[in-house]
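Visitor: Residue numbers (our numbering): 16 to 212.
All residues carry an ideal CB built from backbone N, CA and C; glycine is no exception.
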Amino acid sequence: VGVAGVDRRPKDLLAKAEHAAEAYLIASKVPALSVRASLVVGPGDGHISRLARRAARRSPVMIFVGQGWARSAPITARDFGGCVAAALLADDFPTGELSIGGPEALTAMQIQDRLLSRAGRGKLKVHMPESVAWLGAAIMEKLFRRSPVTRARLSWLLEDFVPGRVTSTKLLGRRPRRFQTAFPGLVRERQNGNGDG
């Protein structure tokens, strides 16, 4: 299981290693399925859950890296699991690459706006220049052995994560759930104080 777009990141060592492993498996004689997902959403996902907590805070400001134009096709964790299970249990087991995403292509800004609306908050959006973010990440990598912010992570946040072929509907036998359906779980997680943030 990987992330949509790993083949387009030759300078990202993690993506490079992941793509090489996928290519090795696909080229082998072992039946293998490389599942590429867009943004998987649900309680504890580590990204959208964190954004939901930030949206609910009393702070009047939200900071974005770049313009917030990077797109993804959020899919709920339940639907993602259903797609993978359906593919593995199919009579004609698929091999090669399988791209999975949700029904909507949303920018990072649109996702944040929906989280703010759900939290009933209005905030001033401050855009941090990408050059400043890259410099900060480079410094953090030098200062900390396990930096919370890395240049590799920034590269994932600033590029599109929309699968080239969305097959979720075919695998599930229905249209995948929309992004908003994950909100109740994210809100419960925020209220319980789970996760970092």
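Give me, in chain order, the residues of the same chain whose beta-carbon lies closer than 7 Å to that of Ser162; leave out the 5 immediate sequence neighbours on both sides.
Guide: Position 147 of the sequence shown, counted from the start, is the residue given in the question as residue 162. Met155 and Glu156, listed in sequence order.
Visitor: From the DSSP output, in three-state form, read off Val45 for me.
Guide: Here residue 45 corresponds to residue number 30 of the sequence shown, with the count starting at 1. Here Val45 sits in coil by DSSP.
Visitor: My assumption, with CB atoms under 8 Å, is that Ala152 sits in contact with Leu169. Please give the rounded CB distance.
Guide: One-based indexing of the sequence shown puts residue 152 at position 137. One-based indexing of the sequence shown puts residue 169 at position 154. Going by Cβ atoms, the distance from Ala152 to Leu169 rounds to 5 Å, so yes, they are a contact pair.
Visitor: Looking only at C-alpha atoms, which of Phe194, Arg193, Arg192 and Leu187 sits nearest to Cys98?
Guide: Translated into positions along the sequence shown, residue 98 becomes position 83. When only C-alpha atoms are compared, the closest one is Leu187.
Visitor: Pick helix, strand or coil for Leu54, following the three-state DSSP scheme.
Guide: Taking the first residue of the sequence shown as position 1, residue 54 is located at position 39. Leu54: coil per DSSP, three-state reduction.
Visitor: Starting from Phe95, follow the alpha helix (DSSP H) in both directions and report where the run begins and ends.
Guide: Here the question's residue 95 lines up with position 80 in the sequence shown. Ala92 to Leu104 is the extent of the alpha helix (DSSP H) around Phe95.
Visitor: Can at least three beta-carbon pairs, one atom from the segment 135-153 and one from the segment 70-83, be found at a separation below 8 Å?
Guide: Result yes; three or more Cβ-Cβ pairs closer than 8 Å.
Visitor: Compare the beta carbon distance of Ile90 and Arg189 with 9 Å and say whether it is the shorter of the two.
Guide: Working through the sequence shown from its first residue, we reach residue 90 at position 75. Working through the sequence shown from its first residue, we reach residue 189 at position 174. Cβ atoms of Ile90 and Arg189: not closer than 9 Å.
Visitor: May I have the straight-line CA-CA distance separating Ile214 from Ile115, to the nearest angstrom?
Guide: No information on residue 214 is available, as it lies outside the stretch 16 to 212 that the chain covers here.
Visitor: Between which two residues does the alpha helix (DSSP H) holding Val147 run?
Guide: Here the question's residue 147 lines up with position 132 in the sequence shown. Glu145 to Leu158 is the span of the alpha helix (DSSP H), which, as asked, contains Val147.
Visitor: Hey, how far is the Cα of Pro144 from the Cα of Ala123?
Guide: Translated into the one-based positions of the sequence shown, residue 144 becomes position 129. Translated into the one-based positions of the sequence shown, residue 123 becomes position 108. Distance between the alpha carbons of Pro144 and Ala123: 15 Å.
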